[in-house]
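Working notes for the structure below.
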Amino acid sequence: MTKLSDKAWKHCEDIIEAIHNHPFNKELSKGTLNIEKFAYYIEQDILYLQDFARAYAIIAAKSPLEYVKIYLNHSMAAFTAEEEIIHEFFKKTYNLADTGKLSPATLAYTSYLIKIAHLSL
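Mapping the sequence shown onto my numbering, position 54 (from 1) lands on 54, and the numbers just tick up by one.
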C-alpha cells in the first residue's frame, strides 16, 4: 500500500522541481544572488509576515477554544520574534532599506490570507 505522504510528494514533483530550479533559488544557493534581489525578497517577506501575524491573531481571537487561542498566540509570538531577529540581521549586515511597498503578488496573497482568516470559524 502506498503511503499518503508518498502520493503527496509524487503529486507535487513538478512544483518541487520548479522551486529547486528557480533562478532565485539557484543563485541564492550558489551565493551569486544580486543583493538588490535579496533585499527585495527580505522586504517582501517582512511585509508578508506582518499580515500573516494579523491572520493568526484574527483566527486566535475567533476561536471558541481557549487552548487554541493560547497555542496560536504563543506560536505566532515565537515565530515573529525569530523572524524579526533574522530580518534585522540581514537588514543591518547588508544595509537593506525599507520602502514599505508591497509587491502586487505579496498584496494579493496577504489580502487573501486576511480575508480567509475573517471568514474562518
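Cβ coordinates follow ideal geometry from the N, Cα and C atoms, glycine included.
Distance from Tyr94 to Ala39 at the Cβ level is roughly 7 Å; contact confirmed, criterion being Cβ atoms closer than 8 Å. Classified as exposed, Asp98 has fewer than 16 neighbouring CB atoms from the shown chains inside 10 Å of its CB. Boundaries cannot be given for Thr99, as no alpha helix (DSSP H) includes it and DSSP labels it neither H nor E.
In its chain, beyond the 5 residues on either side, Met76 and Thr80 have a beta carbon closer than 6 Å to the beta carbon of Ala53. Distance check between Ile116 and each of Ile59, Lys26 and Leu49 places Ile59 closest, using alpha-carbon atoms only. Beyond the five residues adjoining it in sequence on each side, Ile35 comes within less than 7 Å, by CB distance, of Tyr94 in the same chain, given in chain order. In the three-state DSSP reduction, Met76 falls in the helix class (H, G or I). Counting along the chain, no alpha helix (DSSP H) covers Ser63, and no H or E run does either.
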